[in-house]
Structure formats: structure tokens, C-alpha cells
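Peer 1: Numbering (UniProt numbering), first residue to last: 1 to 94. Built from N, CA and C at the ideal position, the CB exists for glycine as well.
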């Protein structure tokens, strides 16, 4: 899916959303969202997701606690808050 990614809050971010706390495990090619159980890979402004059923990961280079707030499922819109920054993601196309 293609994304619009920004650090400044868009207008849709004032709507109420559903939040959850998670841990991101960063691998060499992407990251694992421990709460949502998905493997995410970013390339330019595109994101690819696939289910992560668990198991052994060969290398995790870092981990980060985050609060994810989902505003909309279709088109997908969410915010990721980490100790270092807040980023807003909006789906442009699938």
C-alpha cells in the first residue's frame, strides 16, 4: 500500500481513535509489530504487511515501545507515538 507519512498532525487526527501499546522489533529488512502480529516492510513510501505467527527471528537490531492509534480502517489512517517522535500514516492506494 502507498502511504502519505508526515510528522505534523493532519486534520483527521483530531477524530477519536482506538489506541494500543506495542513493541516494534526491527530486523534487517523491516519490523515486527508484537501486538498486531504482523511483519511490516517499508520501501520509499510503500508498506507491505504479512502475518507473523511467531517463531525464531535470526536478528533483531533494536526494539522500540510505541503507542499506535488507529483512526480509520479504510482508508487506513494511524499514528505511531514513540519516545523519540510521532508519525502520522495515511493510505493513498493499495
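#1: Give the C-beta separation of residue 42 and residue 30 to the nearest angstrom, bearing in mind that I take them to be a contact with Cβ-Cβ under 8 Å.
#2: Tell me the DSSP secondary structure of residue 66 in three-state form.
#3: Helix, strand or coil: which one does DSSP assign to residue 6?
#4: Taking the C-alpha atoms as reference points, what is the distance between residue 37 and residue 23?
#5: For residue 22, which of helix, strand or coil comes out of DSSP?
Peer 2: Checking against the coordinates, here is how it stands:
#1: 7 Å
#2: strand
#3: strand
#4: 10 Å
#5: strand
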